[in-house]
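Numbering (mature numbering (1 follows the signal peptide of the UniProt record, and there is no 0)), first residue to last: -19 to -1, 1 to 564.
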């Protein structure tokens, strides 16, 4: 097992008939980080980076929550026991949607009884969206149902965690698992170790990002539209810790303090130190003394990442941390098209090329491979062989559910190519198949070749040469492996990864048409510079002019950019934009 995870337990308390959520986060993470130090190293490095950014004021500057909402495509796998839809262990689509809607409202601060920006809380700009396209880009509801009764012991025992009976995780994932690069997987099961948590017990857990077990697993009983468990669990999945840090979840213990709020307890400076309030009732108010500070409580007793009887809010610091963690660790989820309905856009049809068939050391967790790639419109985040789930070759061209894996370049025009790596110094190479023959020429088609030190970025300028194939998607191959490895286009990796993207080359000759506004007729060639009416090969720019273009008829352009200007389309007018619109 190569992931560290969070285990969450729900104990139903007799006191005032309320339930409390308890997570075994610290204990389980300590055990697995000790066993797999790569996770401990990755997590510590990120936390150290965040600590420095907070101290320098960079966190709010770089990751400040704005009006942008970060949508996360999710797929819910319902492992039922053979009972009909609508029964206890086979929730309806409507119940699942209401559960997710409620979680989103909690993040928005608009759920009934929860605190938003106007009453002591904040908004976490995250929205869970049921997938609308599957891994093959066919339409989907985002809810997958699997009859678990086909597996011996599932009906009576569910998933085995600490007992001797039930199915194991590998059986669960083997029956249904979507690529965690593009979807967040949520599993709803009937029981853990024979217990459905209706009278206490384990209710669920969520894996942190990385590896092939990045998912959350919860019992069906917590799928309710007034339940906070999913918002708490996904909070962990985007980097939020318990507000009481490593102190006992049973309460009665304050977290250790170094005097540095960027590393103490939950590493968030606007959640004051606090004990777990698991056994504290009635809930303290802001007129009560917090035993960990000696001052009045400031709201931590209501925090969703705490334990207690009234959990109603997040803080601004938690929101900023969640966004930073989401961007850094789950960047591909933000670029996934999983939450967008299928369109008619086809995948690029590239000439086939050699692909690696194996990796020399498949079980090593050195985590080498491209981590980030920025090249024109390519904006891609990966995590390396290990954290990507032991994947040594990724064909991003073949994927129809990911944005940011293709770009256009112009002949003779330099474009920066930046490639980042994480662990260990690595030899990084990149090739573009300029002649589109499916073979990467080691001398004429290599565009990046350098040793990139660990946790750094290498950058070169790429200038496509005259004679390269135009207007056709070409293969871009990026390779990263240990710095002593002899890397070549068709080799099998030793520890690292090979990833493919696509580029299309265009002539450097200007294909722009700029509106002049002599009169309002779109089809008057004199209104455009250079002269001539634009067509589907032209990028159109509309500056601010006294006379705006009026389209009365059908027109087609490659792209259109409104640089202060505007246009009017009559009722019988139609403008087809093949590329993009900027305004």
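For glycine and all other residues, C-beta sits at the position ideal for the given N, C-alpha and C.
Exercise. Would you say residue 452 and residue 424 are within 8 Å of each other, going by their C-beta atoms?
Worked result: Taking the chain shown and counting its residues from 1, the one referred to as residue 452 is at position 471. Taking the chain shown and counting its residues from 1, the one referred to as residue 424 is at position 443. Their beta carbons are not under 8 Å apart, which means residue 452 does not touch residue 424 by this criterion.
Exercise. Which first and last residues belong to the alpha helix (DSSP H) in which residue 302 is found?
Worked result: Sequence index remark: in the chain shown, residue 302 carries index 321 (1-based). Element bounds for residue 302: 297 to 310.
Exercise. From residue 481 to residue 341, what does the alpha carbon distance come to, in whole angstroms?
Worked result: Taking the first residue of the chain shown as position 1, residue 481 is located at position 500. Taking the first residue of the chain shown as position 1, residue 341 is located at position 360. Going by the C-alpha atoms only, they are around 20 Å apart.
Exercise. With 16 other CB atoms within 10 Å as the buried threshold, where does residue 118 fall?
Worked result: Locating residue 118 in the chain shown gives position 137, where the first residue counts as 1. Classification of residue 118: buried, given that the 10 Å Cβ count is 16 or more.
Exercise. So what does DSSP say about residue 366, is it helix, strand or coil?
Worked result: For the purposes of this step, residue 366 is taken as residue 385 along the chain shown, with counting starting at 1. Note: residue 366 maps to helix in three-state DSSP.
Problem set entry | Cβ pair count under 8 Å reaching 3, the region 279 to 297 against the region 21 to 38 | With the cut-off at 8 Å, the region 279 to 297 and the region 21 to 38 do not touch.
Problem set entry | Boundaries (first-last residue) of the beta strand (DSSP E) holding residue 52 | Counted from its first residue, the chain shown places residue 52 at position 71. That run of the beta strand (DSSP E) goes 51 to 61.
Exercise. Apart from the five residues just before and just after residue 335, which ones in its own chain have a Cβ nearer than 6 Å to its Cβ?
Worked result: The residue labelled residue 335 in the question sits at position 354 within the chain shown. Take residue 335, set aside five residues on each side of it, and the residues of its chain with a beta-carbon closer than 6 Å to its own are 471, in chain order.
Problem set entry | Contact belief for residue 412 with residue 402 at Cβ below 8 Å, rounded distance in angstroms | Taking the first residue of the chain shown as position 1, residue 412 is located at position 431. Taking the first residue of the chain shown as position 1, residue 402 is located at position 421. In fact, because the Cβ distance is near 17 Å, the residues do not count as touching under 8 Å.
Problem set entry | Sub-8 Å separation of residue 79 and residue 208 beta-carbons | Sequence index remark: in the chain shown, residue 79 carries index 98 (1-based). Sequence index remark: in the chain shown, residue 208 carries index 227 (1-based). At a Cβ-Cβ threshold of 8 Å, residue 79 and residue 208 do not count as neighbours.
For this session: Could you say if the region 178 to 198 and the region 260 to 269 meet the contact criterion of at least three C-beta pairs nearer than 8 Å?
Result: Because the criterion of three Cβ pairs below 8 Å is not met, the region 178 to 198 and the region 260 to 269 do not touch.
Exercise. What residue does the alpha helix (DSSP H) around residue 212 start on, and which one ends it?
Worked result: Start at 1 with the first residue of the chain shown, and residue 212 comes out as number 231. From DSSP, the alpha helix (DSSP H) with residue 212 extends over 210 to 218.
For this session: With DSSP as the reference, label residue 361 as helix, strand or coil.
Result: The residue given as residue 361 occupies position 380 in the chain shown. Looking at residue 361 - three-state DSSP - the assignment turns out to be strand.
For this session: Taking residue 278 and residue 271 to be in contact with their CB atoms under 8 Å, please state how far apart those CB atoms are, rounded to whole angstroms.
Result: Sequence index remark: in the chain shown, residue 278 carries index 297 (1-based). Sequence index remark: in the chain shown, residue 271 carries index 290 (1-based). Their Cβ separation, rounded to whole angstroms, is 5 Å, which keeps residue 278 and residue 271 in contact under 8 Å.
Exercise. Quick one: what does DSSP say residue 80 is sitting in, helix, strand or coil?
Worked result: Taking the chain shown and counting its residues from 1, one reaches residue 80 at position 99. Reduced to three states, the DSSP call for residue 80 is helix.
Problem set entry | Pick from 133, 324, 103 and 345 that is closest to residue 18, judged by C-alpha positions | On the chain shown, residue 18 is found 37 positions in, with the first residue counted as 1. If you compare the alpha carbons of 133, 324, 103 and 345 with that of residue 18, the shortest gap goes to 345.
For this session: Count the other CB atoms, across all protein chains shown, that sit within 10 Å of the CB of residue 281; report buried if there are 16 or more and exposed otherwise.
Result: In the chain shown, counting from the first residue as 1, residue 281 sits at position 300. Buried, since its Cβ has 16 or more Cβ neighbours within 10 Å.
Problem set entry | Cβ distance (whole Å) where residue 478 is taken to contact residue 461 below 8 Å | Along the chain shown, one-based indexing puts residue 478 at 497. Along the chain shown, one-based indexing puts residue 461 at 480. Between residue 461 and residue 478 the Cβ distance is about 6 Å, and since that is below 8 Å, they are a contact.
Problem set entry | When 150, 379, 363 and 351 are compared against residue 333, the one with the closest alpha-carbon | Counted from its first residue, the chain shown places residue 333 at position 352. Measuring C-alpha to C-alpha distances from residue 333 to each of 150, 379, 363 and 351 identifies 379 as the nearest.
Problem set entry | Close Cβ partners of residue 52 (< 7 Å) along its chain, the five nearest in sequence each way excluded | Here the question's residue 52 lines up with position 71 in the chain shown. The beta carbon of residue 52 sits closer than 7 Å to those of 108, 110 and 320, all from its chain and outside the five residues before and after it, given in chain order.
Exercise. Looking only at C-alpha atoms, which of 441, 436 and 392 sits nearest to residue 348?
Worked result: Taking the chain shown and counting its residues from 1, the one referred to as residue 348 is at position 367. With distances taken between Cα atoms, residue 348 lies closest to 436.
Problem set entry | Paired residues, beta bridge with residue 462 - DSSP | To locate residue 462, count along the chain shown from 1; it is residue 481. Answer by DSSP bridge pairing, in chain order: 408.
Exercise. Do the region 224 to 235 and the region 60 to 76 touch if we need at least three Cβ pairs shorter than 8 Å?
Worked result: Segments in contact, no.
Exercise. What's the C-alpha gap between residue 169 and residue 314?
Worked result: Here residue 169 refers to the residue found at position 188 of the chain shown. Here residue 314 refers to the residue found at position 333 of the chain shown. Answer to the nearest angstrom: the Cα atoms are 21 Å apart.
Problem set entry | CB contact flag (residue 306, residue 220, <8 Å) | Residue numbering aside, residue 306 sits at position 325 when the chain shown is read from its first letter. Residue numbering aside, residue 220 sits at position 239 when the chain shown is read from its first letter. With contacts defined as CB atoms closer than 8 Å, residue 306 and residue 220 qualify as a contacting pair.
For this session: Name, in chain order, the residues that DSSP records as bridge partners for residue 72.
Result: Taking the first residue of the chain shown as position 1, residue 72 is located at position 91. In the DSSP output, where bridge partners are listed per residue, residue 72 has none listed.
For this session: Mind checking who residue 537 pairs with in its DSSP beta bridge?
Result: Start at 1 with the first residue of the chain shown, and residue 537 comes out as number 556. DSSP output for residue 537 lists 557 as bridge partner(s).
Exercise. Residue 173 bridges to which residues according to DSSP?
Worked result: Stepping through the chain shown from its first residue, residue 173 is reached at position 192. Residue 173 pairs with 140 and 176.
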